[in-house]
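Chemist: For the sequence shown, my numbering begins at 18 and goes up steadily by one.
Cβ atoms here follow ideal geometry from the backbone N, Cα and C, with glycine treated the same way.
After the structure tokens below, expect a handful of questions from me.
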Amino acid sequence: MSYDASSIRVLRDDEIRNTIPFELIGSVATDYGVATSCVRKAWEAAHIVGVDFEHYVQRYLKGDKSIAQIPEFERTYFELMKDEVNRARR
């Protein structure tokens, strides 16, 4: 595969947010007033479990309790956050 000028594409803001996790994590943290580290761990948990990150946003940040809990996501998120706290204590 060769790359040339036609291979370059400027992403729209919504594409950046949905393509680059750092941008998504930062914007969600800012939008909802949540620590970036918490949002990053939620993104990691969603990625590990195979859940759409939007599940976290809708259920936990927007408070939509009609969205079912996913115990595996919650356990994974809790473990990642616990590891983060333990690392900070060292």
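Between which two residues does the alpha helix (DSSP H) holding leucine 97 run?
Modeler: Here residue 97 refers to the residue found at position 80 of the sequence shown. Where leucine 97 is concerned, the enclosing alpha helix (DSSP H) stretches over 88-106.
Chemist: Starting from serine 54, follow the alpha helix (DSSP H) in both directions and report where the run begins and ends.
Modeler: By one-based count along the sequence shown, residue 54 stands at place 37. Looking at the DSSP string, the run of the alpha helix (DSSP H) that includes serine 54 is 53-66.
Chemist: Can you tell which of Ile65, His72, Leu78 has the C-alpha that lies nearest to the C-alpha of threonine 53?
Modeler: The count along the sequence shown starts at 1 and reaches residue 53 at position 36. Ranking the options by Cα distance to threonine 53, first place goes to Leu78.
Chemist: In angstroms, rounded to a whole number, what distance separates the CA positions of serine 44 and phenylalanine 70?
Modeler: Reading the sequence shown from its first residue, position 27 is the one you call residue 44. Reading the sequence shown from its first residue, position 53 is the one you call residue 70. Looking at the two C-alpha atoms, the distance is approximately 13 Å.
Chemist: With 16 as the cutoff for other CB atoms within 10 Å, does arginine 92 come out buried or exposed?
Modeler: What you label residue 92 is simply residue 75 of the sequence shown in a count that begins at 1. With fewer than 16 other Cβ atoms within 10 Å, it is exposed.
Chemist: Less than 9 Å between the beta carbons of isoleucine 87 and histidine 72, yes or no?
Modeler: Reading the sequence shown from its first residue, position 70 is the one you call residue 87. Reading the sequence shown from its first residue, position 55 is the one you call residue 72. Yes, the pair counts as a contact, with Cβ atoms nearer than the cut-off.
Chemist: Check whether the Cβ atoms of glutamate 89 and valine 66 sit closer than 9 Å, and answer yes or no.
Modeler: Residue 89 sits at position 72 when you count from the first residue of the sequence shown. Residue 66 sits at position 49 when you count from the first residue of the sequence shown. With contacts defined as CB atoms closer than 9 Å, glutamate 89 and valine 66 qualify as a contacting pair.
Chemist: Which of helix, strand or coil does DSSP assign to tyrosine 20?
Modeler: The residue given as residue 20 occupies position 3 in the sequence shown. Coil.
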